[in-house]
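**Q**
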Amino acid sequence: MWIVAKVNYKQLSVFKSELNLKFENKVKYYFPKVFIKNKKTNVTKNILGNYIFCFHEKFEDLKNILVLKYIKGLDYFLTNSKNSQIEILDFINLCKKNENSTGHLKQDFFKNLICKNGKFINSPLASLVFEIIKSNKNNLEILLGNKQIKISKNSDILYLPA
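Quick note on our numbering: the sequence shown kicks off at 2 and runs consecutively.
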């Protein structure tokens, strides 16, 4: 069963090693990531922030999850993961289907999401939130403050739904 954990991202490796210790290295992890290429640095970011998917058959039993409550690096496990298995699997499969050869999500993954607002994650516009006015096959028309801007969908500008 898949569970969703909120972790302290600085202690992610500690969290994973603690969990692997308890379950004999049989835990599978998944967190969708994107590669951000800036002028100064290249960074890989988890699009879910501090959340990570963890899979093990023993997670079916709630007792096994409760034992992990105080594991180092863990903030908490989301409740009701058992009831959301279909949605979790659908999301993971959608992400994996839209990964490139290095395991990073392609920008097409974000362009196909239907949303009203977005947030730039690279370029000089990084961290700015915008409103999507119109989206067509080649372009995205946005409202940034009181300025209307047209962005080519083939550009290297990356954004996330906000």
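Each residue gets a CB set at the ideal place from its N, CA and C atoms; glycine is no exception. Please read all numbers here as calculations on a predicted model, not as lab measurements.
Using a threshold of 8 Å, state whether the C-beta atoms of ILE134 and LEU144 are closer than that.
**A** On the sequence shown, position 133 is the one that residue 134 refers to. On the sequence shown, position 143 is the one that residue 144 refers to. Yes, the Cβ-Cβ distance between ILE134 and LEU144 is below 8 Å.
**Q** Give the single residue among ILE66, LEU13 and ASN9 whose Cα lies nearest to the Cα of TRP3.
**A** To locate residue 3, count along the sequence shown from 1; it is residue 2. Of the listed residues, the one whose Cα sits closest to TRP3 is ILE66.
**Q** Can you list, in chain order, the residues of its chain with a C-beta nearer than 6 Å to that of LEU129? Leave out the 5 residues immediately preceding and following it.
**A** Within the sequence shown, the letter at position 128 stands for residue 129. Taken in chain order, the residues that qualify are PHE121.
**Q** Could you pull out every residue in the same chain whose Cβ sits closer than 8 Å to the Cβ of TYR30, ignoring the five residues on either side in sequence?
**A** As a working mapping, residue 30 is identified with position 29 in the sequence shown. Excluding sequence neighbours, TYR30 sits near LYS17, ILE53, PHE54, CYS55 and PHE56.
**Q** If the criterion is Cβ atoms closer than 8 Å, does the pair ASN47 and LYS34 meet it?
**A** For the purposes of this step, residue 47 is taken as the residue at position 46 of the sequence shown. For the purposes of this step, residue 34 is taken as the residue at position 33 of the sequence shown. Contact: yes.
**Q** Shortest alpha-carbon distance to TYR10 belongs to which of PHE92, LYS154, PHE36 and LYS73?
**A** On the sequence shown, residue 10 is found 9 positions in, with the first residue counted as 1. It is LYS73.
**Q** Let's test the definition: count the other Cβ atoms within 10 Å of the Cβ of TYR71 and tell me whether it reaches 16, buried, or not, exposed.
**A** For the purposes of this step, residue 71 is taken as residue 70 along the sequence shown, with counting starting at 1. Burial call: exposed.
**Q** Pick from ASN21, PHE36, LEU63 and SER85: whose alpha carbon is nearest that of ASN101?
**A** As a first step, residue 101 is located in the sequence shown; it is residue number 100 there, counting from the start. Selected option, being the one with the closest Cα: PHE36.
**Q** Do you know whose CA, among LEU161, LEU49 and ASN43, lies nearest LYS117's CA?
**A** Taking the sequence shown and counting its residues from 1, the one referred to as residue 117 is at position 116. The shortest C-alpha separation from LYS117 is found at LEU161.
**Q** So which of VAL15, PHE78 and ASN123 has the shortest CA-CA distance to THR42?
**A** Translated into the one-based positions of the sequence shown, residue 42 becomes position 41. Comparing Cα-Cα distances from THR42 to each of VAL15, PHE78 and ASN123, the minimum goes to ASN123.
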